[in-house]
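**Q** Counted from 1, the sequence shown has number 131 at position 131 by my numbering; the numbering is strictly sequential. Have a look at the structure that comes next, please.
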Amino acid sequence: MWNEFFFSAPQLKRDSLGCGSSFLRIIGAVVSVIALVLLVVAVRALFVGYNSFDPVLFAGLYVWLFAFVAFSVVVVQTVRRIGGDQLYVLFALAFLGAIGLAQLAPTIGEPNYCWFFGDYPNLGGRWLPPRTFRCTSLPFEIVGWFAGWGVGLWLVNRRALRS
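Written as structure tokens, this is what we have:
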């Protein structure tokens with residue numbers, strides 16, 4: 001019932017803008033390719049690291065934005081497919097997947113520095129900044145979130161097929 005309220009927006013026709021659907025597909029493909037190339041560059045920045053924190057921060061923000069947009073599409077498709085009955089289970093499994101894969105993130109050289117969380121020693125109340133800022137756990141968290149969601153969907157669909 002609640003998903004009818006959120007997802008009942010009027011559907012626009014593809015040709016309502018006065019251009020053909022092939023033009024919109026080309027634009028969508030170009031935007032998708034650019035977004036994926038930027039995602040690869042951002043993940044590279046998170047793994048390789050930089051001497052300053054700004055490039056790592058902006059790369060992490062882009063990865064979060066890309067994941068949010070992709071996950072919003074996944075949630076809409078999931079609600080359409082299963083009706084939103086098992087969303088709590090799916091979110092819990094996605095959270096567990098994110099935590100699990102974040103623990104497997106490699107440490108390259110120095111410990112990871114992700115936003116306010118770092119494995120850096122506090123020597124007498126003084127925090128020592130890293131020589132190279134990097135955050136290798138963020139891509140693992142995002143992949144773990146999607147993997148946990150996928151395992152949850154598999155379990156929900158498997159249960160639905162048995163009953």
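Just so you know, even glycine gets a beta-carbon here, dropped at the ideal spot from N, CA and C.
1. Here's the rule I'm using: 16 or more other beta-carbon atoms within 10 Å means buried, otherwise exposed. How should G148 be labelled?
2. By alpha-carbon positions, which one of V76, F71, A59 ends up nearest to L138?
3. Taking only the alpha-carbon atoms, compute the straight-line gap between N51 and C135 and give it to the nearest angstrom.
4. Does W154 pass the burial test, meaning 16 or more other C-beta atoms within 10 Å, or should it be called exposed?
5. Can you tell me whether F53 is helix, strand or coil according to DSSP?
6. Using a 10 Å radius around the Cβ and a threshold of 16 neighbouring Cβ atoms, would you call I142 buried or exposed?
7. Please determine if the stretch 95 to 114 and the stretch 28 to 44 are in contact, where contact requires at least 3 C-beta pairs separated by less than 8 Å.
8. Around the Cβ of F140, are there at least 16 other Cβ atoms within 10 angstroms (buried) or fewer (exposed)?
9. Enumerate in chain order the residues of its own chain whose CB-to-CB distance from V167 is below 8 Å, with the five nearest sequence positions on each side excluded.
**A** With the given structure in hand:
1. buried
2. A59
3. 13 Å
4. exposed
5. coil
6. buried
7. no
8. buried
9. Shown here, the chain extends from 1 to 163; a query on residue 167 therefore has no answer.
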